[in-house]
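>
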Ligand code: GDP
Ligand code: CA
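Numbering (this note's numbering), first residue to last: 9 to 318.
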């Protein structure tokens, strides 16, 4: 049994890789919900949707998020009506169906984990996909100059082109792990920390009371894959966020952050020269090609990750 801690694109790539080499029903994904946002009254869970769409074969292969074959009629109307003001966050027509369903079910009193299972079933996803919590946790980004914005305003609205001074997870102290999360971590043969953004994808999951300790308790069975390759994120702001918050944007910086709860770090071959420093930070270091550019590369990385358990 494998339990993976995941954000959106890096998380879903790793999950697709793992479920290609082990039976998907043996894998549980614990997914970040700090990015969740209510837009136009709809509850949007970007990382959960990226994971489910990817595992269900429904994701847009170009972007890695959103739906394949998407159309944008509703957005076009919204843009025209609001002179663009309300159309800063793109929601495709097909994707909107998911958000309408999630919002309706939550309104009926269902928990986010229950609704996520229903959406996963629609895509034939047999991997168990769990939100980190059914309770509201909201990643808030403190910008240089003092203004604080929601994660999506930072990431999409401001295209993460602004300097960040602080990140906090509003509501996390009162959040409870979603049903099954702690058991999935305690009972796993291997816990995988996916190559997801350390600051805004992995950190919120571990900040849910009980989850960080549950992972740390399994430290010798926890393997992480560095999302930073040759000093940079493959995409997105992970490298800048690390630097802005006082960490090193490198596999070594990731090792220093993750050593308290993960025993092994897989770093890319481009970072082979950092292996000694990763070990000095307190993690066993495994060097392997880590860029999941296609099915063969992904499967090879999944096998490297699995081999750390034996
Ligand atoms: P988001 O929620 O969509 O922003 O995605 P995540 O937090 O899951 O992942 C973003 C991080 O994944 C970025 O820092 C990327 O560098 C990293 N990433 C994406 N694909 C890969 C990959 O194939 N290999 C590795 N090592 N990192 C990846
Ligand atoms: Ca995300």
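The beta-carbon is built from N, C-alpha and C at its ideal position, and this holds for glycine as well.
These figures come from a predicted structure and were not determined experimentally.
Determine which residues share a DSSP beta bridge with residue 335 and list them.
Here the chain comprises residues numbered 9 to 318, so residue 335 is not present and cannot be evaluated.
> Given a threshold of 16 other Cβ atoms within 10 Å of its Cβ, counted over all protein chains shown, does residue 279 qualify as buried or as exposed?
Result: buried.
> Among 28, 313 and 106, which one has its Cα closest to the Cα of residue 50?
Selected option, being the one with the closest Cα: 106.
> DSSP puts residue 236 in a beta bridge; with which residues?
Answer is 241.
> So residue 47 is in the beta strand (DSSP E); what residue range does that whole segment cover?
Counting along the chain, the beta strand (DSSP E) containing residue 47 begins and ends at 45-47.
> Can we count residue 57 as close to ligand 2, meaning its CB is less than 6 angstroms from some heavy atom?
Flag unset: Cβ of residue 57 not near ligand 2.
> Here's a check: name, in chain order, each residue in its chain whose Cβ is nearer than 6 angstroms to the Cβ of residue 228, leaving out the five neighbours to either side.
Cβ within range, chain order: 271.
> Would you kindly work out how many angstroms separate the C-alpha atoms of residue 161 and residue 175, rounded to a whole number?
Straight-line Cα distance between these residues: approximately 13 angstroms.
> Please return the same chain residues whose Cβ sits closer than 6 angstroms to the Cβ of residue 36, not counting the five positions on each side in sequence.
Within the same chain, residue 36 has close Cβ partners 11, 136 and 192.
> Would you kindly report the start and end of the unbroken alpha helix (DSSP H) that includes residue 146?
Careful: residue 146 lies outside any alpha helix (DSSP H), inside the beta strand (DSSP E) at 146-151.
> Let me check one thing: in DSSP terms, what residues is residue 32 bridge-paired to?
Residue 32 pairs with nothing; no bridge assigned.
> Going by Cα to Cα distance, which pick from 314, 222, 233 and 118 is closest to residue 291?
The option with the nearest alpha carbon to residue 291 is 233.
> In chain order, what residues of the same chain lie with their CB nearer than 6 angstroms to the CB of residue 102, ignoring the 5 residues before and after it?
Result list for residue 102: 75 and 78, in chain order.
> Run the proximity test for residue 220: is its beta-carbon closer than 6 angstroms to any non-hydrogen atom belonging to ligand 2?
No, Cβ of residue 220 sits at least 6 angstroms from all heavy atoms of ligand 2.
> Would the beta-carbon of residue 133 fall within 7 angstroms of that of residue 60?
A contact, by the Cβ cut-off of 7 angstroms.
> Is it the case that the region 10-27 contacts the region 56-71, given that we only count it when at least three CB pairs across the two stretches are under 8 angstroms?
They touch, by the three-pair rule.
> Could you pull out every residue in the same chain whose Cβ sits closer than 6 angstroms to the Cβ of residue 209, ignoring the five residues on either side in sequence?
15 and 40.
> From the DSSP output, which residues share a beta bridge with residue 75?
Bridge partners of residue 75: 67.
> Between residue 203 and ligand 1, is the CB less than 6 angstroms from at least one heavy atom?
For ligand 1, at least one heavy atom lies less than 6 angstroms from the Cβ of residue 203.
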